[in-house]
Amino acid sequence: MSTAEKTGNAIDRKLLHDLFDVPEDEGPSRLVLAARREHYTLPYLVLSVLETEGVELGGTAAGELARARRRAAHYDDLVDRVLAGTDLEVLKGRGLAARYPSGVLRAQGDLDLVIRDEAQLWRAATALTANPVLSASVTLFGAPKRDLVVTLCWVPEEPLVDPEVRVELLTAPLFGDHAAVPVRRDLPDDPALADLLCVAEEGLQRPYHRRDALDLYVLVGAASLDRADVLDAAAASNLAPELAALVEYTADQLPVSEASEWLPLLRPEAERETKRRADHPAPEPTTTTAEALAAGGVLHGMPLGGAATHTGNEVLLHGYGDEVLALTPIGDYLLVSGAIVSRDLFDTALAERDTLHPGAYRNTLGGKGDEPGRDD
586 MSTAEKTGNA
596 IDRKLLHDLF
606 DVPEDEGPSR
616 LVLAARREHY
626 TLPYLVLSVL
636 ETEGVELGGT
646 AAGELARARR
656 RAAHYDDLVD
666 RVLAGTDLEV
676 LKGRGLAARY
686 PSGVLRAQGD
696 LDLVIRDEAQ
706 LWRAATALTA
716 NPVLSASVTL
726 FGAPKRDLVV
736 TLCWVPEEPL
746 VDPEVRVELL
756 TAPLFGDHAA
766 VPVRRDLPDD
776 PALADLLCVA
786 EEGLQRPYHR
796 RDALDLYVLV
806 GAASLDRADV
816 LDAAAASNLA
826 PELAALVEYT
836 ADQLPVSEAS
846 EWLPLLRPEA
856 ERETKRRADH
866 PAPEPTTTTA
876 EALAAGGVLH
886 GMPLGGAATH
896 TGNEVLLHGY
906 GDEVLALTPI
916 GDYLLVSGAI
926 VSRDLFDTAL
936 AERDTLHPGA
946 YRNTLGGKGD
956 EPGRDD
């Protein structure tokens with residue numbers, strides 16, 4: 586069932602003063618300061634609201650807002666031009682931004698793109714890195730259904746004050762908590778429901794903040810979401826606890842009575858999901874990277890530096906001793922599960938990589954059934 590579009594909820598200065606708990610007589614400067622303390626993207630939203638209401642912005646404020654708009658346009662250009670022809674899905678981002686009132690900027694910190702096919706993902710990564718990056722990281726979610734997250738960062742327009750330009754390429758939209766909540770590859774066909782789940786998923790990674798509340802406020806104002814559809818989607822994605830928490834958090838700050846009506850249905854499902862997670866068996870401990878990979882663990886790629894020498898459109902895994910190298914089209918990585926890597930381990934990885942050359946690259950771990958995104 587698809588949602589019906591509505592006229593949308595307004596975002597004005599009064600609502601923002603209430604949301605950020607700033608008395609109106611303290612003026613717009615305090616409002617911008619409160620937004621800046623809450624989340625790095627929120628000052629842009631506040632500035633855009635002030636602009637639409639006729640507040641004259643000074644040169645610095647106007648420049649900050651203009652850069653945020655150029656940043657959003659740059660992300661659109663990456664999708665529409667650089668990655669034209671790629672089979673991808675944009676998570677949240679411009680879909681949510683389009684639901685915001687005219688003139689109000691939902692600034693994008695980063696761009697999240699789901700590219701389910703590994704070959705297309707690596708072609709996209711190669712196209713994007715034609716513009717030299719600050720960093721390129723790879724995270725691999727292990728067998729039997731392996732998935733990838735590739736994170737690319739660039740210098741922003743104003744490096745001293747703006748966050749890095751960041752694009753994440755993912756083989757699945759929802760990556761869970763790396764424990765009882767698994768990777769989930771399917772989102773509802775309804776874009777509003779899909780956006781709702783993506784906002785709720787943030788609660789698995791961090792506490793909700795006022796930007797999430799604004800997203801929910803805008804979503805319920807722009808689309809009539811059927812309660813039964815919301816419950817089914819939350820249950821299917823294991824997100825009933827997070828969605829209930831998001832609604833409760835938002836309802837304390839913004840008028841979202843329609844979403845509050847979901848709670849009598851969501852709370853019992855949230856209790857069931859919470860119990861399921863508590864009953865989920867702890868993973869068996871592993872002692873080596875190869876074991877962690879086979880057990881489905883989360884492994885982070887430590888870049889070994891140098892130009893990429895593997896030119897295919899897949900990750901090749903090279904095992905040596907207890908360790909594993911991930912050889913990718915954008916660089917070579919030592920797969921690790923911890924935050925600290927010894928100098929000896931890193932030096933050994935460099936030496937092992939130096940024994941390889943493009944003609945010798947091959948998968949020494951796993952087979953086709955272990956390719957990213959595959960279910961067989």
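The opening position of the sequence shown corresponds to residue 586 in my numbering, with each subsequent residue numbered one higher.
For each residue, glycine too, the CB sits at the ideal point set by N, CA and C.
W847 - containing alpha helix (DSSP H), residue span: W847 -> no alpha helix (DSSP H), and no H or E assigned at all.
Nearest to P888 (by Cα), restricted to the options T874, G881, E869, V926: V926
Alpha helix (DSSP H) runs contained entirely in the stretch 614-670, provided each spans 4 or more residues: 627-637, 644-662
Residues of its chain near L668, where Cβ-Cβ distance is below 7 Å and the 5 sequence neighbours each way are ignored: A709, A712
Top-ranked residue by Cα proximity to L941, from T626, L901, R928, G923: If you compare the alpha carbons of T626, L901, R928, G923 with that of L941, the shortest gap goes to L901.
Segment limits, beta strand (DSSP E) that includes R751: 750-755
Cutoff 7 Å; reference A594; Cβ partners in own chain excluding five residues on either side: The sequence shown places Asn at residue 594, rather than the Ala named in the question. Answer for N594: Y802, V803, G806, listed in chain order.
Where R654 falls, given that 16 or more other Cβ within 10 Å makes a residue buried: exposed
The beta strand (DSSP E) enclosing G962, as first and last residue numbers: The structure shown does not extend to residue 962, since the chain is modelled only from 586 to 961, so the question has no answer here.
Own chain, CB closer than 6 Å to T835, minus 5 neighbours either side, in chain order: Around T835: A798, L801, V841.
Residue range of the beta strand (DSSP E) that includes A911: 908-913
In DSSP terms, what T736 is bridged to: S722, E753
A808 - DSSP class collapsed to helix/strand/coil: strand
According to DSSP, residues forming a beta bridge with L759: R769
Inter-residue CB distance, I596 and Y660 (contact presumed, cutoff 8 Å): That belief does not hold up - the Cβ atoms of I596 and Y660 are roughly 21 Å apart, past 8 Å.
Cβ-Cβ separation, G886 to V699 (assumed contact under 8 Å), whole Å: Not confirmed; about 19 Å, so no contact.
Through-space distance from D732 to L725, alpha-carbon basis: 6 Å
L816 vs L851 beta-carbon contact at 9 Å: yes
Proximity winner among L782, A877, D702, relative to H763 (alpha-carbon distances): Just measuring C-alpha positions, the residue of L782, A877, D702 sitting nearest H763 is A877.
Bridge partners - V675, DSSP secondary structure assignment: Bridge partners of V675: L698.
Run of the alpha helix (DSSP H) containing H602, from where it starts to where it stops: 598-604
Beta-carbon proximity of R656 to V634, cut-off 9 Å: no
Classification of R857 by the beta-carbon crowding that lies within 10 angstroms, buried from 16 upward: exposed
C-alpha gap between V766 and L772, whole angstroms: 15 Å
For P870, the three-state DSSP class (helix, strand or coil): coil
Reference T871; option with closest CA among Y625, E749, S922, D864: S922
Spatial distance of E749 from V740 (CA atoms): 6 Å
Opening and closing residue of the beta strand (DSSP E) in which V784 lies: V784 -> not in any beta strand (DSSP E); alpha helix (DSSP H) instead, spanning 776-786.
Cβ pair T859, L920 closer than 9 Å: no
Close Cβ partners of S822 (< 7 Å) along its chain, the five nearest in sequence each way excluded: If the five residues before and after S822 are omitted, its C-beta is found closer than 7 Å to the C-beta atoms of L759, R769, L782, all from its own chain and listed in chain order.
Cβ neighbours of G788 in the same chain (closer than 7 Å, five flanking residues each side left out): E827, A830, L831
Pair within 9 Å by beta-carbon distance, Y629 and A692: yes
Strand pairing of V921, partner residues [DSSP]: H885
Option in A779, R622, H624, E753 with minimal Cα separation from G680: A779
Selection from L676, T896, D932 that minimises the alpha carbon distance to D774: L676
Coil, strand or helix - G612 by DSSP: helix
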